[in-house]
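> Chains A and B, in that order, are what the protein sequence lines are. Last residue of the first sequence? That's 122 in numbering that gives the first Met the number 0, and every number before it is there in order. Last residue of the second sequence? That's 195 in numbering that gives the first Met the number 0, and every number before it is there in order.
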Amino acid sequence: MRRKKILLADDSRTALMIERALLVGSPYDVIVATDGYDAVQQAVEASPDLIILDVVMPNMDGFEACRQLRRLDATRDTPIIMVTTRGEPHNVESGYELGCNDYVTKPINGPELLSKVRNLLGE
Amino acid sequence: MRAMDGIEPADGVADALREALRENERLTDRSLAAEQQVGDLATLYAAVNSLHGATDPHAVVATVCEIVANLVGSEEMALFESDARNEHIKLVATCGVAASRFDSLEVGTGVIGAVAETGRPFVRQEGGTGDPGSDASITACLPLRIGTSVAGVLAIFRLLPHKGTLEKGDRDLFEVLSAHVAPALLFSRFYNGGQK
Numbered sequence: 000m001r002r003k004k005i006l007l008a009d010d011s012r013t014a015l016m017i018e019r020a021l022l023v024g025s026p027y028d029v030i031v032a033t034d035g036y037d038a039v040q041q042a043v044e045a046s047p048d049l050i051i052l053d054v055v056m057p058n059m060d061g062f063e064a065c066r067q068l069r070r071l072d073a074t075r076d077t078p079i080i081m082v083t084t085r086g087e088p089h090n091v092e093s094g095y096e097l098g099c100n101d102y103v104t105k106p107i108n109g110p111e112l113l114s115k116v117r118n119l120l121g122e
Numbered sequence: 000m001r002a003m004d005g006i007e008p009a010d011g012v013a014d015a016l017r018e019a020l021r022e023n024e025r026l027t028d029r030s031l032a033a034e035q036q037v038g039d040l041a042t043l044y045a046a047v048n049s050l051h052g053a054t055d056p057h058a059v060v061a062t063v064c065e066i067v068a069n070l071v072g073s074e075e076m077a078l079f080e081s082d083a084r085n086e087h088i089k090l091v092a093t094c095g096v097a098a099s100r101f102d103s104l105e106v107g108t109g110v111i112g113a114v115a116e117t118g119r120p121f122v123r124q125e126g127g128t129g130d131p132g133s134d135a136s137i138t139a140c141l142p143l144r145i146g147t148s149v150a151g152v153l154a155i156f157r158l159l160p161h162k163g164t165l166e167k168g169d170r171d172l173f174e175v176l177s178a179h180v181a182p183a184l185l186f187s188r189f190y191n192g193g194q195k
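#1: Please determine if the segment 56-72 of chain A and the segment 31-48 of chain A are in contact, where contact requires at least 3 C-beta pairs separated by less than 8 angstroms.
#2: Give a yes or no on whether the minimum CB-CB distance between P85 of chain A and chain B is below 8 angstroms.
#3: On the criterion of 16 or more Cβ atoms from any shown chain inside 10 Å, does M0 of chain A qualify as buried, or is it exposed?
#4: Going by alpha carbons, who is nearest to V23 of chain A out of A:R2, A:T83, A:T33?
#5: Quick one: is Y125 of chain A buried, meaning 16 or more other Cβ sit within 10 Å of its Cβ, or exposed?
#6: Quick check: is the beta carbon of I17 of chain A nearer than 8 angstroms to any beta carbon in chain B?
#7: Taking the alpha carbon of D82 of chain B as the point to measure from, which residue in B:I155, B:R188, B:A150 has its own alpha carbon closest?
#8: Would you decide whether R12 of chain A is buried or exposed? Buried here means 16 or more other CB atoms lie within 10 Å of its CB.
#9: Can you say whether K281 of chain B is buried or exposed, counting buried as having 16 or more other CB atoms within 10 angstroms of its CB?
#10: Pull out every residue of the segment 160-188 of chain B whose Cβ sits closer than 8 angstroms to any Cβ of chain A, in chain order.
#11: Mind pulling the chain E residues with CB within less than 8 angstroms of T93 of chain B?
#12: How about F121 of chain B and I137 of chain B: do their beta carbons lie closer than 8 angstroms?
#13: I need the boundaries of the beta strand (DSSP E) containing P142 of chain B, first residue and last residue.
#14: According to DSSP, what are the bridge partners of L81 of chain A?
#15: Is the distance from the Cβ of C140 of chain B to the Cβ of V114 of chain B below 8 angstroms?
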C-alpha cells in the first residue's frame, strides 16, 4: 500500500520538529516547507495527501498560501489543517472561509493532531 | 444486550461480545495514553534539540521565545542572567513584554528576584493574569541552572487564552528549560568566541 505523504509548512524549527516527531511514528512520509511560498510550490510538485499549514510564516502567510492552494487544480481538493497560535474565532473563521478543512492551535496537542490527520485521510 | 433483528444472542455469545467491547475500550484508552506520551516526549525532544542546535546567543534567545510560544503557549517572556556571585540580575531579552518593566530588578525582591536568590521555581498552575510583566502575570518563573548554580531566570507571563491551564507535560518542559537554557547560552558564547 502506498504510504501517504504529508506536507508540513512552518517557519518555526521547534514546531516543525515536534510535528515531524509526531508524524514519523505513524505510517506517513513527511516533507517540509518553511514559508507559504515554499509550501505552495512543494504542494504542486509533490502532491501531498494532506497539508498542515501554519498561519504565521514569512514571505507568504498561511492564509494566503491556503487561498492559492485552493485556486490551483493540483491542490484544490487536498485536505488542509491550519495551525494557529491563537484560537480566536475570527482566525478560525478566516481559515475556513479560505478553504481549510480543520485547524489546531499551538501548543500542538499530539493526539488531537493525529486524530484530525487520520480523519481527513479517511483512516 | 440489545436484540438484533428480533434475535436474542445466546448467553455465551452475549458475554463474549460484552468482554470484547470492554477490551476494545481498554485498548482505545491505552492507545490514547500512549499517543499523549509520545506527544509529551516529542515536545521535550524538540525543546532540547532546538536549544542545543542554536550556535549563537541571539539564536538561543530566539529559540527560547519559540519554545515558550509553540510548546508552552505564551507570547510573553523575559530572560535574565545572574552575575557570578548571584548578587545582581540583568535582563537579556524579552518577548511580548516591555523591557522597561525590569529596570530596577534586584535579587531577592519580587517573584523573579526570589527565584534568582533561592533557585526554586515558581509555577502558577492556572496561569498568570494582570499587567504583562507584573508579578501577578507570571505563570512560571524558572531558575536557569548550570550544574547546581543559578545562572539566570526565565519568566513566562500570561498564557494564550485558549491554553487554559498548565498540564503535566508543561512541568516536564519547565525542567528541561531549567536545565538546558543556560548551558546552551554559555556554549553559544564559547563557540562564537572560538570562531572569532
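Don't be surprised by glycine CBs; every beta carbon is placed ideally from N, CA and C. Predicted model only: the values in this text are computed from it and were never measured.
Checking against the coordinates, here is how it stands:
#1: yes
#2: First, the amino acid is wrong: residue 85 of chain A is Arg here, not Pro. Yes, R85 of chain A lies at the interface with chain B (some Cβ there is under 8 angstroms from its Cβ).
#3: exposed
#4: A:R2
#5: As displayed, chain A neither begins before 0 nor continues past 122, which places residue 125 of chain A out of reach and without an answer.
#6: yes
#7: B:A150
#8: buried
#9: In the structure displayed, chain B extends from 0 to 195; residue 281 of chain B sits before or after that span and is not available.
#10: P160, H161, K162
#11: Absence of chain E from the displayed structure is noted, the protein chains being A and B.
#12: yes
#13: 139-145
#14: Checking the sequence shown, residue 81 of chain A turns out to be Met, not Leu. Its beta-bridge partners are A:L52, A:Y102.
#15: yes
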